[in-house]
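Throughout the sequence shown, residue numbering follows this note's numbering, covering 31 to 248 in sequence.
Backbone N, C-alpha and C fix where the C-beta goes; we use that ideal spot for every residue, glycine too.
Please read these numbers as outputs of a predicted model, since none were measured by experiment.
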Amino acid sequence: MLVPPWLERLLKTDFFGVCRTHGDAARSECNMYCLDCNVDAFCFYCRSSKHKDHQVIQIRRSSYHDVVRVSEIQKVLDISGVQTYVINSARVLFLNERPQPKGGKAVSHVCEICGRSLLDTFRFCSLGCKVVGIKRNGDARFRLDAMQRSGEGVSSSSSRRVNNNVSISSLSREEQEELREGSQQDIYPPRLLHLLPLQLQEEEREFLKEHLLGPNSF
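Listed below in structure tokens is the structure:
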């Protein structure tokens, strides 16, 4: 089985609606998904009452798009080939493709499926595009091998080296702003900071200190 049966259902699920059962509670937004039940999104309180001891992942938001932490999803999926970002010190990846910003210039790396600009030498911009790539070409996978299940080698996609030929200035202004502003949370890969002009480096460092290295975790 190339694609786990729960993954495509997850990618089509609407998150962040209000729970019908716990709508008056403080944490009533439906941002959880159970890989064992594979049904609908649910809230924090439903997890405690209906999904105890199940495999559950939490979905988060950046620029109105759904993301999941690498530390959670890599336990159940081989995420190699998917572009990752850092939001408030947490590495995440997008569930589905996002609209391509207008006016983008030619870049070194693009998603094989939707053509979206990528910053690193990855193949896909999201889990959804990797699903399409697997079905179309069959040269990628989601299934973890024994070594990955034991905790070794699961972060291969996040440990890829940056291509030094990547030029941030080659991205459109909209793309740069989108990468820097994820619902006012930075998703700009810090390891690319040295590629910016000196003045922008200082500005970016101040931004990172304020938004990524502060006490509020993502």
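Exclusion of the five residues before and after E142 leaves R153, F154, C159, G163 as the residues of its chain whose Cβ lies within less than 8 Å of its Cβ.
The alpha-carbon of R99 is positioned some 6 Å away from that of R121. With respect to the 8 Å criterion, V161 and V33 are classified as neighbours on the basis of their beta carbons. Each residue's CA atom was taken as its position, placing K132 and C67 some 39 Å apart.
Taking 8 Å as the cut-off, the Cβ atoms of S156 and L125 count as close. Nearest C-alpha to S119 among E127, S101, P129: S101. The alpha carbon of D96 has as its nearest neighbour, out of G168, K82, S78, C60, the alpha carbon of C60. When T51, V69, D44, F46 are compared, the shortest CA-CA separation from S79 is found for T51. Taking all protein chains in view, the Cβ of Q113 is crowded by 16 or more other Cβ atoms within 10 Å, so the residue is classified as buried.
The three-state secondary structure of I109, taken from DSSP, is coil. Setting aside the 5 residues that flank it on each side, T43 is surrounded in the same chain by A71, each with a C-beta closer than 6 Å to its C-beta; the list follows chain order.
Counting along the chain, R166 sits inside the alpha helix (DSSP H) bounded by residues 157 to 167.
For the 8 Å CB-CB criterion, S92 and I117 form a contact. Restricted to the stretch 36 to 94, the alpha helix (DSSP H) segments that are unbroken, complete and at least 4 residues in length are 74 to 80, listed in chain order. Counting other Cβ atoms within 10 Å of its Cβ, R90 reaches 16 or more and is therefore classed as buried.
Annotation for V122: the continuous beta strand (DSSP E) segment containing it runs 120 to 124. Q88 places its beta carbon 8 Å or farther from that of C64.
Here Y115 is buried: its Cβ has 16 or more other Cβ atoms, across all protein chains shown, within 10 Å.
Residues of the same chain with a CB within less than 6 Å of the CB of R171, apart from the 5 flanking positions on each side, are D108 in chain order. Here the alpha carbon of C49 sits roughly 27 Å from the alpha carbon of K105.
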